[in-house]
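*Asks:* Pasting a structure here, questions to come.
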Amino acid sequence: MNNEYIPFSSEILEVIKHTDIEYTFRLAYKGEVRPGQFFEVSLPKYGEAPISVSGIGEECVDLTIRRVGKVTNEIFEHYVGDKLRLRGPYGNGFDIEQYKGKELVVVAGGTGLSPVRGVVDYFASHPDEVESMTLIAGFKTVKDILFLEDLARWRQSIEIILTVDCGEADAVCQVGLVTEHLPKLKNRNIQNAAAIVVGPPPMMRFTCLGLLELGYLESNIWVSQERKMCCGIGKCGHCKINDVYVCVDGPVFNYTRAKHLID
Amino acid sequence: MSQDINTKKLKKNAFRVTKVRGKTASRIRIPGGYLPASLLSELQDIAQTYGNGSLHITSRQGFEIPGIDFADMPTVNEKLQPLIETLEINQTAPGTGYPAAGTRNVTACIGNRVCPYGCYDTVGFASRIEKAIFPNDLHFKVALTGCPNDCAKVRMHDFGIIGMTLPHFDENRCVSCKACEKYCRRKSVQAISMVNERPVRNEEKCIGCGECVINCPMRAWTRGEGSKKRYRLTLFGRTGKRNPRLGEDFIKWADEESIIKIILNTYDYVAEYIDRDAPEGKEHIGYIVDRTGFEEYKKWALKDVELPSEAIVYSPLYWHGPKYM
Amino acid sequence: MGYRMDQAGINRVFNGLAKEYRLFAPKCFEYEGAFSDTDSIHYGEVQTIEEIELMKKSNHSFKDALLPISETLFYFTEDEVKVADAPAKGALLFLRSCDLHALKRLDAIYLQNGEKDFYYKRLRDKIKIVLIGCEQAFESCFCVDMNTNRSENYDLSLDTIDGEYYLNCQFREWDMLLKENALEETIVMPKHVTETVTKVHVPDNLTAAVAASTMWDEYDARCIACGRCNFSCPTCTCYTMQDIFYTDNGKVGERRRVQASCMVDGFTDVAGGGSYRKKHGQRMRFKTLHKMLDFKQRFGYQMCVGCGRCDDVCPEYISFSNIVNRLDSATQEVSKNE
């Protein structure tokens, strides 16, 4: 019988440094994977951490990791050629098909951009597959902005509103919370407007409320939840909310379901 | 008719000279301060029939019945017989009351018969000590307390017996909830630290309070000693005029048998070295030790004592407290 | 087939079964209680019937035999991973009807909720059940209200009447062994509880909206978040993963999982410092609704089996059955505020 708990080794192919505490590790991986899914990344002796997929290549996956704990601290001590242990991918991830033909907005706060990067990247490369595409990405300060190169590239095919909580506005970056930029969305047919919201819990809550105010249908909003997860396969119980296990039923939830979840 | 009373003799029979001429008070020793409630009616009867109708609960967990005529002492002694028998007090002849008054009542907190912190049955141990040391005229004070909280204030006695729990850890039952670490840190001496997700007990620091065992939700921490209890023995605390002082640690992780033996050995030591001119033949043991030196005392105290392997004997001991002379 | 047996007979049966199984049963561990001179009753291996505590309820449940309190998943060196061995023998679990219903809940999570769990399954595949007949409910039990007072899916049942043992065998392979050691063959029906002193009523209209009730606030102060209710619960299945390295050789170590409690600090901590349900009352609400609402929504039947252990072990005398019985008025309170 398959032992889901045994990790496999994966070589670090590239390390992309975004900020002092946020790197993207490009890891060797062959297999099906969707944006929004996650891997349990581990280093023996230090433990495991669930990390969402921020990019998908032919024979690799990108994991954008924020250095915030015992495991991730240790991961940052590893370089190209070293190996990390993985298991997964786990979770449902985003279903690209659901957004095709929509007027899509992706609202991301901080590292929340990682799990949706694959979605944005897809539609930035295939702009004809959506009615329209806007990315509202918010960060604390200019120094915290992730995926700068991607943002520049995406800007050529989709609309991007880049904003920071504090700092000065300039040609590419505005100031203010992501919610303040929601009214700038110009939807031709609100029934066909879809949104993906990922970020810290308060940011997600207020963004969803803002979108509903604009007339977005609840069923056209998706969020991705972050919880403590030890197993990724519906056993350890840490990620349970109501009757839902974030690791197997999520982390991506339609708002119609997410709105009922009480931690 | 004027009364002719041998006050020396009545004192040795647990009566006392009171400030009211012609009246004595009966002093009733309750080992460990624990008695069947039915005995209270016996005390009530004596107090109302022969005394002035009042009872005093003494500071050593006994009762004192004041206002008794000297002439009634033999009758009161007879009336005390059910108490003496029920409490299993050593006695020379039935119906003659308590036979001695030098060694004081062995006191105890309520211990593990009721208190969750109690590491042993204090009252049971108090009775066994009572059996071993009474009757005796030498001035000894023994007190027992269930745990290091020391509610019984045993450090103010010649022999302070503090219950200890020798914690045993079963790592297979540990879930790393950190309750032991938290309670040890917040309520005790911070002897537990988490290493590799598991608690590690600093044996030197540990005072055996049992907080880790009490608060472990998994039975990973248990009382490793089982029925064989462990104690801290403190020596020669005292109150009094010249140099009141707290008892000092003599043995950590001592066992019951050794403690009884040490107390009995101390009687031999005191008999040998007591100041023959001491007023009323009473001298706090600590003053004797000051004279002979601690090493001499220790030699006597540990004679034929076989301590458990984990026991730690502290030596030499130094006492503190204010000196008024 | 049913059998009447004396002590010597049943011990010969145990002896025979021990060739293939480790026998796990509630057992009295002397002096191992939380307080001095108290015992602890929890599951352990037994060889004879005398070792089994049949009169008292265990504080911890049989689940420790299937989801070990601390279970090593694999060992690692710098480059290699070695799966921890499973015990060679199977396990014979002695449990009461409520606990047998709890086993179904463990299976739901570990075999049906997402991927099957390798470690659970390899133990689960090799267990047999001995149902301890249970005629008289303990004070805190409410199995009848949770519909867990009867069980048929056992391999062997065990009742004690006047010092003799009555067994009903539903696992054909054991019939020969039992017959050889029995005083006689007879019809045996394991006893079951028909009434409990403690009663609970889960309101039919219970929803997650009850989370907004003020009833939970009381537990912010009363509950000390020790987790005893979870650890003693036969249906709690949560665990936490741990990596450790051996202090004598830092390069090797193991990954293990330990039972976890949603009442204990740290349960929801995410890297970077976030956590949910800081208040103990909210943890109580989370646990209560899991047992009496969420699980049912997901699997179709209640999670709680009414064994009452959580009430038995709470050091703060918080009664879970009382909490359940407060849900009705809390639901009314919430609907009035809407």
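Protein chains in written order, with my numbering: chain A, 1 to 263; chain B, 1001 to 1325; chain C, 2001 to 2338.
For each residue, glycine too, the CB sits at the ideal point set by N, CA and C.
#1: Beta-carbon of ILE2109/C versus every beta-carbon of chain A: anything under 9 Å?
#2: Roughly how many angstroms separate the alpha carbons of GLY1051/B and PRO1066/B, rounded to a whole number?
#3: For GLY351/A and PHE139/A, which I take to be in contact (beta-carbon distance under 8 Å), what is that distance rounded to the nearest angstrom?
#4: Going by C-alpha to C-alpha distance, which of GLU2050/C, PRO2190/C, VAL2202/C and MET2263/C sits closest to ALA2025/C?
#5: Under 9 Å between C-beta atoms, does CYS1180/B make it to chain C?
#6: With which residues is ALA1352/B paired in a DSSP beta bridge?
#7: So which residues on chain C does VAL1175/B lean against when the C-beta distance must stay under 9 Å?
#8: Whose CA, out of VAL2200/C, CYS2169/C and TRP2174/C, lies closest to the CA of THR2186/C?
#9: For ILE1312/B and chain C, any beta-carbon pair shorter than 9 Å?
#10: Just by C-beta distance, which residues in the segment 2026-2054 of chain C are closer than 9 Å to chain B?
#11: Cα-Cα, which of ASN2337/C, ASP2294/C and GLU2032/C is closest to ASN242/A?
#12: So which of GLY1247/B, THR1145/B, ASN1090/B and ALA1152/B has the shortest CA-CA distance to SER1059/B?
#13: Using only alpha-carbon positions, find the residue among ARG1104/B, LYS1187/B, TYR1120/B and ILE1161/B that is nearest to LYS1011/B.
#14: Quick one: grab the DSSP three-state call for HIS1056/B.
#15: Can you give me the C-alpha to C-alpha distance between LYS259/A and ILE2052/C, rounded to a whole angstrom?
#16: Just the Cα atoms here: how many angstroms apart are GLU40/A and PHE2245/C?
#17: Please confirm if HIS2060/C has its CB atom under 9 Å from at least one CB of chain A.
#18: Sort out for me which residues DSSP pairs VAL2130/C with in a bridge.
#19: Please list the partners that ALA2208/C has in chain A, where partner means a Cβ-to-Cβ separation under 7 Å.
#20: Give me the Cα-Cα distance between VAL164/A and VAL80/A, rounded to the nearest whole angstrom.
#21: Taking Cβ-Cβ distances shorter than 9 Å, what residues in chain C pair up with GLU48/A?
#22: Quick one: give me the first and last residue of the alpha helix (DSSP H) that ASN2337/C is part of.
#23: Which residues, in order along the segment 153-182 of chain A, keep a beta-carbon less than 9 Å from a beta-carbon of chain C?
#24: Excluding sequence positions up to five away, which residues of its chain have a Cβ less than 6 Å from the Cβ of SER2275/C?
#25: Measure the alpha-carbon distance for SER1041/B versus CYS2262/C and round it to whole angstroms.
#26: To be precise: take each residue of the segment 1-19 of chain A, compare its Cβ to all Cβ atoms of chain C, and keep it if any distance is under 9 Å. Which residues remain?
#27: Any beta carbon from chain C within less than 9 Å of THR72/A's own beta carbon?
#28: Given a threshold of 16 other Cβ atoms within 10 Å of its Cβ, counted over all protein chains shown, does VAL172/A qualify as buried or as exposed?
#29: Output the distance between the C-alpha atoms of ALA2102/C and VAL2305/C, rounded to the nearest integer angstrom.
#30: Kindly indicate which residue of TYR2003/C, ALA2018/C and VAL2202/C has the alpha-carbon position closest to the one of LYS2089/C.
#31: For MET1156/B, which of THR1145/B, THR1165/B and LEU1166/B has the nearest alpha-carbon?
#32: What number of angstroms, rounded off, separates the C-alpha of LYS1023/B from the C-alpha of LEU1055/B?
#33: Can you list, in chain order, the residues of its chain with a C-beta nearer than 7 Å to that of GLY2009/C? Leave out the 5 residues immediately preceding and following it.
#34: Are there 16 or more other CB atoms within 10 angstroms of the CB of THR2247/C, so buried, or fewer, so exposed?
#35: Determine the chain B residues that contact THR2331/C at a beta-carbon separation under 7 Å, and present them in chain order.
#36: Consult DSSP for ALA1025/B and reduce its assignment to one of helix, strand or coil.
*Replies:* Judging by the given coordinates:
#1: yes
#2: 6 Å
#3: Absent from the structure is residue 351/A, since the part of chain A shown begins at 1 and ends at 263.
#4: GLU2050/C
#5: no
#6: Any answer about residue 1352/B is impossible in this case: the structure gives chain B only from 1001 up to 1325.
#7: ILE2069, SER2070, GLY2227, PHE2231, TYR2239, THR2240, VAL2258, GLN2259, ALA2260, SER2261 and VAL2264
#8: CYS2169/C
#9: no
#10: PHE2029, GLU2030, TYR2031, GLU2032, GLY2033, ALA2034, PHE2035, SER2036, ASP2037, THR2038, SER2040 and HIS2042
#11: ASP2294/C
#12: ALA1152/B
#13: ARG1104/B
#14: strand
#15: 50 Å
#16: 19 Å
#17: no
#18: PHE2094/C and LEU2156/C
#19: ASN242, HIS260 and ILE262
#20: 31 Å
#21: MET2241, ASP2243 and ARG2255
#22: 2320-2337
#23: none
#24: THR2268 and ASP2269
#25: 54 Å
#26: MET1, ASN2, ASN3, GLU4, TYR5, ILE6, PRO7 and SER9
#27: yes
#28: exposed
#29: 6 Å
#30: ALA2018/C
#31: THR1145/B
#32: 15 Å
#33: ASN2181, ALA2182 and LEU2183
#34: exposed
#35: What THR2331/C touches in chain B: nothing, since even the nearest Cβ is about 31 Å away.
#36: strand
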